[in-house]
Amino acid sequence: MSAALTISAATVPGRITGVSLTLARGVMAGLVGPNGSGKSTLLQVAAGLLSADGGQVLWNNRSPARIPMLERGRCAAWVPQDARFEFGFTVRSVVAQGRYAHGDDGKNIDEALALFDLAPLASRPVNRLSGGERQRVLLARAHATGAPLLLWDEPLAALDPRHALEVLLLGNKHTRAGGTLLFSLHDLRMAYVLDIVVVMHEGRLRAIGKPSEVLTPELLLEVFGVRSEIIPSLSLALP
Amino acid sequence: MPSASTTSACRNRRAAAGRFAVPLALAVLVILAFASLCIGDMNLTPARTLDGLLRREELATFVIWNMRLPRLLVAMLVGGALASSGLVMQAYFRNSLASPGLLGVSAGGTAGAVVAIGAGFAVNTLFFLPFASIVGACFATACVIMLARRGAGTERLLLAGIALNAMLGAVASYVLSNATLTYERNAQILFWLLGGLEDRTWEHVWMASPIVLAALFLWPLGRQMDLLSLGADEAQSLGVDVRRLRRVLLVLSTILTALATAVTGTVGFVGLTVPHIFRLLVGPEHKRLVPLSLIGGAAFVVACDLIGREAGGLRIGIVTSLIGGPFFLWLLRREA
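So the protein lines, in turn, are chains W and S.
All residue numbers for the first sequence refer to our numbering, where the first residue is 4 and numbers rise by one.
All residue numbers for the second sequence refer to our numbering, where the first residue is 145 and numbers rise by one.
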């Protein structure tokens, strides 16, 4: 299996220390950990936005630093945690920015708008949207890039249950089509849909593997300080 | 759905406005420019103005070529420079209230020029003034960058601007109050502080002419400014070479402001008002805002100059501030 994302010994002083991980193609991976455990930093390192300070990041076995800037925009798409917009671009024009690295060819845009349920909002200015709507605009823009490697920072935080499930489903489709997705999340109950879960704790990689093997009651107590129990509970699915 | 139809109607109107905005702004600029050549202490008919432009009549030729044309060209260059510089700063800081005046970059250019005049560098030639102005403006830009990092909140940005404006104003005041200065130099400094288009010569036009070059560099960066104005990390992730873009934008906006300041002194509120008006009219896409700010800024300053002349010789800096100041207050009220 070829590695879509390799991070080795990534260190950002004061935030993460010596984090190494490898994600194969077609993997949907979740990044969990308490607040301040370094999830966002790790995603920024993975996206090539922060330098790994002696460590290394590889996309498909190539260092992003060696890839021309424009091509990087076609290889990986990063979505930030808080979606703030100062200027009133329309939803459509923000999603269209995802095609910048493709010479603004206008492809994928209608599809991305439809997938993230944004078609009715297409001509609305982004700075007049709700938090969840803005989040979906950024996810749609990342989708429009067509990049195989997606890095989402808490994509579900602001979404209602239906849109959260739809976004998870889209992530699942993306990885089954051969793409790779790494995203951070807080709702550990969602973690069971993932192929791989990456657990961060105090800036270090605590565990990585299948959710059922990694998210043991012992680990959850140690890392998150919560006792866990699997019980029949309210479970949501798309109709 | 009524709301959907209104927003789409709004979008269509904006799209239509966008398509015609550049030719329309150009037409307005041409009309204002021609009016500015006709109107003055000695009013010329349009036909006589044309004769003067084509050097067919001696008196009109003298008035146009020696007095009004250089003044008009300086006004246009300064207006385009300040408005586009404001637009760049707004994209750079992701803040629609950023502008050369409010951030203290104009004050930096002024302080540089004042120090140069005070030190006697500008006695025989104006050649050194733009450089002194650029040095001052660069200093101010560097301070703003340090005080308020990218995506800084409005409060932080404006407070940094207030502090810089006060500091750089103090530098200018110190030079001005320096008792060793001659009366002529003091008058020259006062002239700078007031901002003026009076008695502009071809020397001033040449001095400001690199503005055209800077504008040409800025022209193709509109698309990248769109992405940058919604976040630096996001833009980089989408394939923009953000570090390079920001360096280029910063250099261009500083030079544009400094050159404008060097030829006319501080002319306030152009960089804030003009991009804002066009953003309201045609939306936030920089592909349109860059040409519109250049053209519209030129038209705005030419119009303000006309108003000032008709009002009995008000200096340009006074007119732009009297128009732009209330506009800024209105914006603040609107955003609150």
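Every residue, glycine too, gets a C-beta built ideally from N, C-alpha and C.
Here the structure is a predicted model, which means the values were calculated and not measured.
Check: Counting pairs of beta carbons, one from the region 92-100 of chain W and one from the region 64-82 of chain W, are three or more of them closer than 8 Å?
Finding: Taking a cut-off of 8 Å on C-beta distances, the region 92-100 of chain W does not touch the region 64-82 of chain W, as fewer than three cross pairs fall below it.
Checklist line | PRO435 (chain S), buried or exposed, once every other Cβ within 10 Å from all chains shown has been counted against 16 | finding: Classification of PRO435 (chain S): buried, given that the 10 Å Cβ count is 16 or more.
Next item on the list: Just the C-alpha distance for ALA104 (chain W) and ALA143 (chain W), rounded to the nearest angstrom, thanks.
Entry: Taking the straight line joining both Cα atoms gives about 15 Å.
Item checked: Supposed close pair GLY206 (chain W), ILE10 (chain W) - CB separation, criterion 8 Å -> Between ILE10 (chain W) and GLY206 (chain W) the Cβ distance is about 14 Å, and since that is not below 8 Å, they are no contact.
Check: Hey, does SER243 (chain S) have any beta-carbon neighbour from chain W nearer than 9 Å?
Finding: Answer no: the Cβ-Cβ gap between SER243 (chain S) and chain W never drops below 9 Å.
Next item on the list: Give, in chain order, every residue of the region 297-322 of chain S whose Cβ lies closer than 9 Å to some Cβ of chain W.
Entry: Taking 9 Å as the Cβ-Cβ cut-off against chain W, none of the residues of the region 297-322 of chain S qualify.
Item checked: chain S contact residues for ARG77 (chain W), given Cβ-Cβ distances below 9 Å -> Here the neighbours are GLY383.
Next item on the list: Kindly list the residues whose CB is nearer than 7 Å to the CB of ALA379 (chain S), restricted to its own chain and excluding five residues on each side of it in sequence; keep chain order.
Entry: For ALA379 (chain S), the CB contacts under 7 Å within the same chain, skipping 5 residues up- and downstream, are LEU371, LEU372 and VAL386 in chain order.
Margin query: Can you tell me where the alpha helix (DSSP H) holding PHE90 (chain W) begins and where it ends?
Written below: For PHE90 (chain W), no alpha helix (DSSP H) segment is defined, and its DSSP state is neither H nor E.
Margin query: Can you find the residues in the same chain that come closer than 7 Å, C-beta to C-beta, to SER243 (chain S), ignoring five residues on each side of it along the sequence?
Written below: Within the same chain, Cβ atoms closer than 7 Å to the Cβ of SER243 (chain S) are found at GLY230, MET233, GLY415 and LEU416, the five residues on either side in sequence being excluded.
Checklist line | Contact list for GLU89 (chain W) against chain S, beta-carbon separation under 8 Å | finding: Going along chain S in sequence order, the residues near GLU89 (chain W) (Cβ under 8 Å) are ARG238, ASN239, SER240, SER373 and LEU374.
Note to self: Under 8 Å, with one C-beta from each stretch per pair, do the region 180-189 of chain W and the region 21-37 of chain W reach the 3-pair mark?
What the structure shows: With a cut-off of 8 Å, the region 21-37 of chain W and the region 180-189 of chain W count as touching, because enough Cβ pairs lie within range.
Checklist line | Straight-line gap, ALA260 (chain S) to GLN332 (chain S) (C-alpha atoms, nearest Å) | finding: When only Cα atoms are considered, ALA260 (chain S) and GLN332 (chain S) end up about 11 Å apart.
Check: DSSP three-state call for VAL249 (chain S): helix, strand or coil?
Finding: VAL249 (chain S) falls in the helix class under three-state DSSP.
Next item on the list: Could you confirm whether any beta carbon from chain W is found closer than 9 Å to the beta carbon of ALA148 (chain S)?
Entry: Residue confidence is low: ALA148 (chain S) scores 45 on pLDDT, short of 50, so the model does not pin down where it sits. Its coordinate-derived value is still stated next. Chain W contact via Cβ: present.
Check: Helix, strand or coil for PRO16 (chain W) per DSSP?
Finding: In this structure, PRO16 (chain W) counts as coil in the three-state DSSP scheme.
Margin query: By the three-class DSSP mapping on this structure, what secondary structure does HIS497 (chain S) have?
Written below: Because chain S is modelled from 145 through 480, residue 497 (chain S) falls outside the range shown and cannot be assessed.
Next item on the list: Answer yes or no: do LEU181 (chain S) and THR189 (chain S) have a C-beta to C-beta separation smaller than 9 Å?
Entry: Contact flag unset, no.
Checklist line | Supposed close pair PHE92 (chain W), SER240 (chain S) - CB separation, criterion 8 Å | finding: Cβ-Cβ separation between PHE92 (chain W) and SER240 (chain S): approximately 13 Å, too far for a contact (criterion under 8 Å).
Item checked: When W:ARG131, W:GLU136, W:ALA12 and W:TRP155 are compared against LEU121 (chain W), the one with the closest alpha-carbon -> LEU121 (chain W) has its Cα closest to that of W:GLU136, out of W:ARG131, W:GLU136, W:ALA12 and W:TRP155.
Checklist line | THR151 (chain S) at chain W interface by Cβ criterion, 9 Å | finding: Its pLDDT being 48, under 50, THR151 (chain S) is placed unreliably in this model, and the coordinates cannot settle the point.
Check: In three-state terms, what does DSSP make of ARG477 (chain S)?
Finding: For ARG477 (chain S), the secondary structure class from DSSP, reduced to helix, strand or coil, is helix.
Item checked: Pairwise C-alpha distance: GLY262 (chain S) and PHE275 (chain S) -> Here the C-alpha atom of PHE275 (chain S) lies approximately 15 Å from the C-alpha atom of GLY262 (chain S).
Notebook entry, point to check: In chain order, what residues of the same chain have a beta carbon less than 6 Å from the beta carbon of ARG95 (chain W), not counting five sequence neighbours either side?
Noted result: Contacts found: ALA125.
Notebook entry, point to check: Can you list the residues of chain W that PRO419 (chain S) reaches, using a CB-CB cut of under 9 Å?
Noted result: Correct list: empty, because the minimum Cβ distance to chain W is about 11 Å.
Margin query: Considering Cα atoms alone, identify which of S:SER277, S:GLY264, S:GLY409 and S:VAL446 is closest to VAL174 (chain S).
Written below: Comparing alpha-carbon positions, the option among S:SER277, S:GLY264, S:GLY409 and S:VAL446 lying closest to VAL174 (chain S) turns out to be S:VAL446.
Notebook entry, point to check: Which stretch, first to last residue, makes up the alpha helix (DSSP H) that contains THR148 (chain W)?
Noted result: Taken as a continuous stretch (DSSP letters only), THR148 (chain W) belongs to no alpha helix (DSSP H), as it is neither H nor E.
Next item on the list: Tell me the start and end of each unbroken alpha helix (DSSP H) in the region 97-143 of chain W that is at least 4 residues and wholly inside, in chain order.
Entry: Runs found: 112-118.
Note to self: Is the separation between the beta-carbon of LEU191 (chain W) and that of SER133 (chain W) shorter than 9 Å?
What the structure shows: No, they are not a contact pair.
Next item on the list: Taking only the alpha-carbon atoms, compute the straight-line gap between ALA79 (chain W) and LEU198 (chain S) and give it to the nearest angstrom.
Entry: A direct Cα-Cα distance of roughly 59 Å separates ALA79 (chain W) from LEU198 (chain S).
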